[in-house]
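Heads up, the sequence shown is in UniProt numbering, so the first residue is 1 and it goes up one at a time.
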Amino acid sequence: KTFPVINPSTGEEICQVEEGTRSDIDKAVDAARQAFHIKSPWRQLEPGARGNLIRKFANLIRRDVDYLAKLETLNGGKILSLSMGEVFLTADCLDYYAGWADKITGETLPSQPGNFIYTRHEPIGICGQIIPWNFPLMMLAWKLGPALTC
1 KTFPVINPST GEEICQVEEG TRSDIDKAVD AARQAFHIKS PWRQLEPGAR
51 GNLIRKFANL IRRDVDYLAK LETLNGGKIL SLSMGEVFLT ADCLDYYAGW
101 ADKITGETLP SQPGNFIYTR HEPIGICGQI IPWNFPLMML AWKLGPALTC
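Here is the structure:
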């Protein structure tokens with residue numbers, strides 16, 4: 001089943017998109033579980049390499065800023081200058097999280113003799129998110145950035 005995406009400022013149809021199904025959600029959750037597994041290729045990447053890939057993603061967004069901003073303007077009905085700003089902020093946000101990839105560490109804490117206490121920061125599972133329509137690119141960066149970093 002498909003439905004139209006309408007440009008809110010003109011009322012014109014931009015395109016048709018498929019409606020997600022329960023099966024689509026199940027496939028996405030299965031893929032996320034596979035990626036989360038400790039032996040998955042992503043989890044096996046060194047933290048610095050993860051950061052570099054996230055930075056590369058940010059740079060690809062900057063490379064295509066004109067296209068992405070026009071698409072967001074059509075989709076959301078916002079003015080082009082706001083869409084351009086959102087695209088750049090999205091890339092900046094991803095760069096921010098990329099910078100954390102090799103800096104998230106645990107620490108050893110003081111304790112009684114014979115005891116060893118430490119903290120360990122690691123991902124604990126998958127999550128699904130339903131996000132608002134008004135800032136989809138920033139929502140992508142706010143949600144994917146930290147998840148990919150960890």
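For every residue, glycine included, the Cβ atom is placed at its ideal position computed from N, Cα and C.
Output the boundary residues of the beta strand (DSSP E) element that contains I6.
2-6
Complete runs of the beta strand (DSSP E) confined to the UniProt domain "Aldehyde dehydrogenase" (2-150) [at least 3 residues]:
2-6, 13-18
Are there three or more Cβ pairs, one per stretch, closer than 8 angstroms when the stretch 78-97 is compared with the stretch 140-150?
yes
Applying the criterion that 16 or more other CB atoms from any shown protein chain within 10 Å of the CB defines a buried residue, is G51 buried or exposed?
buried
Classify E122: buried if its beta carbon has 16 or more other beta carbons within 10 angstroms, exposed otherwise.
Exposed.
Inter-stretch contact at 8 angstroms, needing at least 3 Cβ pairs: the stretch 30-48 / the stretch 112-130
yes
Residue environment, S23, which counts as buried when at least 16 other CB atoms sit within 10 Å:
exposed
Classify A28 as buried or exposed, calling it buried when 16 or more other Cβ atoms lie within 10 Å of its own Cβ.
exposed
What is the rounded straight-line gap between the Cα of R55 and the Cα of P113?
For R55 and P113, the distance between alpha carbons rounds to 43 angstroms.
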